[in-house]
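Colleague: Residue numbers (our numbering): 14 to 181.
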């Protein structure tokens, strides 16, 4: 019989940094519920997040929710089966800017480490991800699920799936 974990919702961190050159306030609220844990993963994984940060260098805010039928998480990667998600994020500052919205359902998505800081991720499903992101680490542009990333993250997205490589 599977084990059941209690759900929790808590403020994960509220940080206030003060100093002569940097002043920022951030808060991150996360709620998670895991049902049916077995030795290799979780059946029925739900997650909701909200985050906001502001400081001299700029401001960023985002929120999202996701649910997964089955999640397998290992040390060097994870696989999600039957994942639905929604996410929105907006921010601007000295290091760049971003404005994006994500909405999708993945039949399967996977992420794995290739080296110390390198990763590969791929998904197969349907999405309407739209947005723009530009900064020191690269540029990303998506509209209606179709898009690309160039820089630290190199990838191609379609409304039916995609692949991404994190290079450093």
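Note that CB positions come from ideal geometry on N, CA and C, so glycine has one too.
Would you mind stating whether residue 155 and residue 122 have Cβ atoms separated by less than 9 Å?
Modeller: no
Colleague: Do you know offhand how far residue 164's Cα is from residue 148's?
Modeller: Between residue 164 and residue 148, the C-alpha separation is close to 9 Å.
Colleague: Report the residue from 71, 75, 57 and 58 whose alpha carbon sits nearest the alpha carbon of residue 65.
Modeller: 75
Colleague: Assuming residue 107 and residue 157 form a contact by the criterion Cβ under 8 Å, report the distance between their Cβ atoms to the nearest whole angstrom.
Modeller: Cβ atoms of residue 107 and residue 157 stay farther apart than 8 Å, at about 30 Å.
Colleague: On a CA-only basis, which of 176, 88, 166 and 126 is nearest residue 135? Give me that one, please.
Modeller: The option with the nearest alpha carbon to residue 135 is 176.
Colleague: Hey, would you say residue 125 sits closer than 9 Å to residue 98, going by beta carbons?
Modeller: no
Colleague: Within 10 angstroms of its Cβ, does residue 89 collect 16 or more other Cβ (buried), or is it exposed?
Modeller: exposed
Colleague: Which partner residues of residue 154 appear in the DSSP bridge assignment?
Modeller: 145 and 161
Colleague: Please report how far the alpha carbon of residue 258 lies from the alpha carbon of residue 133, in whole angstroms.
Modeller: One cannot answer for residue 258 here, as it falls past the ends of the chain, which runs 14 to 181.
Colleague: In the DSSP assignment, find the beta strand (DSSP E) that holds residue 186 and state where it starts and stops.
Modeller: Residue 186 lies beyond the range of the chain shown here (14 to 181); nothing can be said about it.
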